[in-house]
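Asks: Numbering (my numbering), first residue to last: 10 to 284. Where is the CB? At the ideal position from N, CA and C, for every residue including glycine. Computed from a predicted model, the values in this text were never measured in an experiment.
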Amino acid sequence: MTLPIFNPAEDPGPSFHALLSKLEHPTTPSLVSAAVGSEGIDITHGTTVVAAKFADGVVIAGDRRATSGNLIAHRAMDKVFAADRWSGVAIAGAAGPAMEMVKMFQLQLQHYEKVEGHTLSLEGKANQLSAMLRANLPAAMQGMVVVPIFAGFDRRRGYGRLFAFDVTGGRYEEEDFVASGSGSLFARTVIKLGYAPDNDADTAVDLLIKALYMAADDDSATGGPDSMRGIYPMVATITADGFRAIPTEELAERFEVLLAVEAARVDRTASESEG
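#1: Just to confirm, is the Cβ distance from Leu216 to Ala196 under 8 Å?
#2: Output needed for Gly203: all residues of its chain with C-beta closer than 6 Å, excluding positions within five of it in sequence on either side, in chain order.
#3: Quick check: what's the CA-CA separation for Leu80 versus Ile52?
#4: Can you check which of these residues, Asp65, Phe90, Gly66 and Lys62, is closest to Asp72 by C-alpha distance?
#5: Helix, strand or coil: which one does DSSP assign to Arg238?
#6: Given that a residue counts as buried once 16 or more other Cβ atoms are within 10 Å of its Cβ, and exposed if not, what is Thr231?
#7: Just grab the DSSP bridge partners of Ile247 for me.
#8: For Gly102, I'd like the list of residues in its chain whose CB is within less than 7 Å of its CB, leaving aside the five on either flank, ordered along the chain.
#9: Less than 8 Å separating the beta-carbons of Leu171 and Val67?
#10: Closest by CA to Thr257, which one among Ile247, Ile240, Ala273 and Glu271?
#11: Mind checking who Phe183 pairs with in its DSSP beta bridge?
#12: Just confirm the distance between the C-beta atoms of Met86 and Ala75, as a whole number of angstroms; I'd bet it's less than 8 Å.
#13: Indicate whether Gly192 and Trp95 have their beta-carbon atoms separated by less than 8 Å.
#14: Can you tell me whether Asp276 is helix, strand or coil according to DSSP?
#15: Given this structure, state the Cα-to-Cα distance separating Phe186 from Arg165, to the nearest angstrom.
#16: How is Lys88 classed by DSSP in three states: helix, strand or coil?
#17: How is the beta strand (DSSP E) around His83 delimited, first residue to last?
#18: Using 10 angstroms around the beta-carbon of Asp228, count the other beta-carbons present and answer buried if the total reaches 16, otherwise exposed.
#19: Between Met113 and chain D, is any beta-carbon pair separated by less than 8 Å?
#20: Going by C-alpha distance, which of Gln119, Lys134, Glu109 and Lys123 is nearest Asn145?
#21: What are the uninterrupted segments assigned as beta strand (DSSP E) that are 3 or more residues long and contained completely in the segment 142 to 172, given in chain order?
#22: Tell me, which residues are paired with Ala103 by DSSP?
#23: Measuring only the C-alpha atoms, how far is Ala210 from Ile200?
#24: Smallest Cα separation from Ala60: which of Ser77, Gly190, Leu268 and Thr128?
#25: Have a look at Ala261, Ala99, Asp250 and Arg277 and flag the residue whose alpha-carbon is nearest the alpha-carbon of Gly238.
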């Protein structure tokens, strides 16, 4: 296979989407076509994802459950991905289009870096994801809705940043924390009560796993920790050192502490009510 050659007027530049269009490959073929006639089809959905800033960067997390109607479609779905070394994306909504969008997003960032010789700015990355959501709008109108969270460490400014989106491609930078998905209301409330801008990484991680745990307690589409199967939420920190996914073993230990605290709280509440 030979590399394509373009004249200067038609050169797509660092845009991977534009390159696919020049080669007459549709950028989102399965997203739009799969949505046509999707009424009556149970679409697999990822549910709750959250992110928050802390003193040295950002932490991003998501539960592992995917639902199809009233059924649990998957118990261990991946919802948190590294977009590149210094950024990550968490997906909520229709699982198939969301995962395809993440793969395309990762390719776009790699393509830009190879063509330009340097990484895209964090705002540029958020804008690229916004454009992909806008391109997915026809599918979203038929039920294939994708609403991700984007987070990263801005090496030019020296701190972490968070971005939320809507189905039309609207991009909104969040100052402190953000949540998306069916359990986002419950998770956001927990984060709001425990958030502080100067939290360290450990405190921020514990706050987000507590938020997901509480969301799972009130939202049937959000999965809680499953020690029997060894399934725990996906959590990653992004700092000046890059994207770091927290190992399952560490998350299991953190959840043991959380469950012990919650059990003590329940016992204390029960004792007070009896007294």
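Replies: According to the data block:
#1: The residue you call residue 216 lines up with position 207 of the sequence shown. The residue you call residue 196 lines up with position 187 of the sequence shown. Result no, Cβ atoms of Leu216 and Ala196 do not sit closer than 8 Å.
#2: On the sequence shown, position 194 is the one that residue 203 refers to. Within the same chain, Gly203 has close Cβ partners Leu216.
#3: The sequence position of residue 80 within the sequence shown is 71, counting from 1. The sequence position of residue 52 within the sequence shown is 43, counting from 1. Their Cα atoms are separated by approximately 11 Å.
#4: In the sequence shown, residue 72 corresponds to position 63, counting from 1. The residue with the shortest Cα to Cα distance from Asp72 is Phe90.
#5: Stepping through the sequence shown from its first residue, residue 238 is reached at position 229. Of the three classes helix, strand and coil, the one that applies to Arg238 here is coil, per DSSP.
#6: For the purposes of this step, residue 231 is taken as the residue at position 222 of the sequence shown. It is buried - the Cβ of Thr231 has at least 16 other Cβ atoms within 10 Å.
#7: The residue you call residue 247 lines up with position 238 of the sequence shown. The partner list for Ile247 (beta bridge, DSSP) reads Val67 and Phe252.
#8: Position 93 of the sequence shown, counted from the start, is the residue given in the question as residue 102. The answer, listed in chain order, is His54, Gly55, Val154, Val155 and Val156.
#9: By one-based count along the sequence shown, residue 171 stands at place 162. By one-based count along the sequence shown, residue 67 stands at place 58. In contact: Leu171 and Val67 (Cβ atoms closer than 8 Å).
#10: Reading the sequence shown from its first residue, position 248 is the one you call residue 257. The shortest Cα separation from Thr257 among Ile247, Ile240, Ala273 and Glu271 belongs to Ile240.
#11: Reading the sequence shown from its first residue, position 174 is the one you call residue 183. A small fix is needed here, since residue 183 is Glu in this sequence, not Phe. In the DSSP output, where bridge partners are listed per residue, Glu183 has Leu171.
#12: Your numbering for residue 86 matches position 77 in the sequence shown. Your numbering for residue 75 matches position 66 in the sequence shown. Between Ala75 and Met86 the Cβ distance is about 4 Å, and since that is below 8 Å, they are a contact.
#13: In the sequence shown, counting from the first residue as 1, residue 192 sits at position 183. In the sequence shown, counting from the first residue as 1, residue 95 sits at position 86. Cβ distance not < 8 Å, so Gly192 and Trp95 don't count as in contact.
#14: The residue labelled residue 276 in the question sits at position 267 within the sequence shown. Looking at Asp276 - three-state DSSP - the assignment turns out to be helix.
#15: Your numbering for residue 186 matches position 177 in the sequence shown. Your numbering for residue 165 matches position 156 in the sequence shown. For Phe186 and Arg165, the distance between alpha carbons rounds to 21 Å.
#16: Taking the sequence shown and counting its residues from 1, the one referred to as residue 88 is at position 79. Correct three-state label for Lys88: coil.
#17: Within the sequence shown, numbered from 1, the residue matching residue 83 stands at position 74. Residues Leu80 to His83.
#18: For this step, residue 228 is matched to residue 219 along the sequence shown. Burial call: buried.
#19: Absent from the structure is chain D; it holds one protein chain and no more.
#20: Here residue 145 is taken as the residue at index 136 of the sequence shown, counted from 1. The candidate whose alpha carbon is nearest that of Asn145 is Glu109.
#21: 158 to 163
#22: By 1-based counting over the sequence shown, the position of residue 103 is 94. Ala103 is bridged by DSSP to His54.
#23: By 1-based counting over the sequence shown, the position of residue 210 is 201. By 1-based counting over the sequence shown, the position of residue 200 is 191. Rounded to the nearest whole angstrom, the C-alpha separation of Ala210 and Ile200 is 14 Å.
#24: Here residue 60 refers to the residue found at position 51 of the sequence shown. Minimum Cα distance to Ala60 is reached at Gly190.
#25: As a working mapping, residue 238 is identified with position 229 in the sequence shown. Contrary to the premise, residue 238 reads as Arg rather than Gly in this sequence. When only C-alpha atoms are compared, the closest one is Ala261.
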